[in-house]
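Heads up, the final residue of the sequence shown is numbered 443 in the working numbering, and it's a clean run with no missing numbers.
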Amino acid sequence: MKRALPAKIASQLYAAAELIADRGLEGTRMEEIAEATGIPKATLYYHLEGKNAVLEFLLEDFLDLIAGAVAVAKDADGSASERLRASITAQLSLMLEHPHLCRALVGDLGRATRLPDLAAALDAAFLTPIRELLEEGARDGSLARFEDPTTVATSIFGAVTVAGLSATAGARQRTAADAATLSGSIYTMLTLGIAGISPS
244 MKRALPAKIA SQLYAAAELI ADRGLEGTRM EEIAEATGIP KATLYYHLEG
294 KNAVLEFLLE DFLDLIAGAV AVAKDADGSA SERLRASITA QLSLMLEHPH
344 LCRALVGDLG RATRLPDLAA ALDAAFLTPI RELLEEGARD GSLARFEDPT
394 TVATSIFGAV TVAGLSATAG ARQRTAADAA TLSGSIYTML TLGIAGISPS
């Protein structure tokens, strides 16, 4: 995959996200990507090896956005618990702001996790920061101590990702402004559970 894309071509490639999200990668042809993006097919093949490389570029770029937003939330002031909620909100905000990228990511998440570069990007974007917050929370007393914080971080990613996908695919189109409400529900479930015990 050729990563040194000219800025103009990189920006045009985002138009392929809706196409891939709607049809899936297997149901999308390079001719259709060329038509949707306005990039000549020959130019696409010059810079990218095929439609797999188009999806990889889109997903890696989206994960870079998530990584930046989550890093800001993680490094802010406050307890680990407060920063965990802010990190959840950060991911949801981007998913709702870029619904087609979100659906393309989730639709081909299995493919993404099998690609070393994308698996590493996913880990850096969300899993590692959340695991570190869980460990910090155990130290500052704002979160429980877990024997396997990596598995817990993966579970949180799953909850956030599925909730975000559901929000982008629902009958009522959600926007980034809804992220705080959604993250509040997820955060409450994560910290209080679903046993019906009210917060003190």
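Ideal Cβ placement from N, Cα and C applies to all residues, glycine included.
#### Entry: In chain order, each alpha helix (DSSP H) run of at least 4 residues that lies wholly inside the stretch 329-354
342-350
### Query
Should residue 411 and residue 346 be called a contact, given that it needs their Cβ atoms to be closer than 8 Å?
Stepping through the sequence shown from its first residue, residue 411 is reached at position 168. Stepping through the sequence shown from its first residue, residue 346 is reached at position 103. Yes, the pair counts as a contact, with Cβ atoms nearer than the cut-off.
### Message
Rounding to the nearest angstrom, what Cα-Cα distance links residue 272 and residue 259 in this structure?
### Response
Stepping through the sequence shown from its first residue, residue 272 is reached at position 29. Stepping through the sequence shown from its first residue, residue 259 is reached at position 16. Using only the alpha carbons, I get a separation of about 11 Å.
### Collapsed DSSP secondary structure at residue 257 in the structure displayed
Taking the sequence shown and counting its residues from 1, the one referred to as residue 257 is at position 14. The answer is coil: DSSP assigns residue 257 none of H, G, I, E or B.
### Task
Starting from the Cα of residue 426, find the closest Cα among 344, 357, 370 and 332 and give me that residue.
Looking up residue 426 in the sequence shown gives position 183. The residue with the shortest Cα to Cα distance from residue 426 is 332.
### Range covered by the alpha helix (DSSP H) that runs through residue 282
On the sequence shown, position 39 is the one that residue 282 refers to. Looking at the DSSP string, residue 282 is not in any alpha helix (DSSP H), and its letter there is neither H nor E.
### Cα-Cα separation, residue 390 to residue 257
As a position in the sequence shown, residue 390 is number 147, starting the count at 1. As a position in the sequence shown, residue 257 is number 14, starting the count at 1. Approximately 40 Å, taken between the alpha carbons.
### Message
Going by DSSP in three states, residue 426 sits in which element: helix, strand or coil?
### Response
Translated into positions along the sequence shown, residue 426 becomes position 183. Helix, per DSSP.
### Task
Note down, in chain order, each residue of its chain lying with its Cβ closer than 6 Å to the Cβ of residue 373, except the 5 sequence neighbours on either side.
Reading the sequence shown from its first residue, position 130 is the one you call residue 373. Excluding sequence neighbours, residue 373 sits near 396 and 399.
### Task
Count the CB pairs spanning the stretch 327-342 and the stretch 298-317 that are closer than 8 Å, and state whether there are at least three.
yes
### Message
Can you list, in chain order, the residues of its chain with a C-beta nearer than 6 Å to that of residue 210? Leave out the 5 residues immediately preceding and following it.
### Response
Because the chain spans 244 through 443 in this model, residue 210 falls outside it and cannot be assessed.
#### Entry: Pick from 342, 394, 359 and 403 that is closest to residue 219, judged by C-alpha positions
Shown here, the chain extends from 244 to 443; a query on residue 219 therefore has no answer.
### Task
Quick one: grab the DSSP three-state call for residue 393.
Locating residue 393 in the sequence shown gives position 150, where the first residue counts as 1. DSSP places residue 393 in helix when its eight states are reduced to three.
### Message
Quick check: the Cα distance between residue 205 and residue 252, rounded to an integer number of angstroms?
### Response
The chain is shown only over 244 to 443; residue 205 falls outside these bounds and no answer can be derived.
### Task
Go through its chain and collect everything with a Cβ distance to residue 403's Cβ below 7 Å, but skip five positions before and after it.
Along the sequence shown, read from residue 1 onward, the residue named residue 403 stands at position 160. Cβ within range, chain order: 331, 334, 335 and 429.
#### Entry: Residue environment, residue 348, which counts as buried when at least 16 other CB atoms sit within 10 Å
Position 105 of the sequence shown holds residue 348. Under this definition residue 348 is a buried residue.
#### Entry: Close Cβ partners of residue 382 (< 6 Å) along its chain, the five nearest in sequence each way excluded
If you number the sequence shown from 1, residue 382 lands on position 139. So no residue of the chain qualifies.
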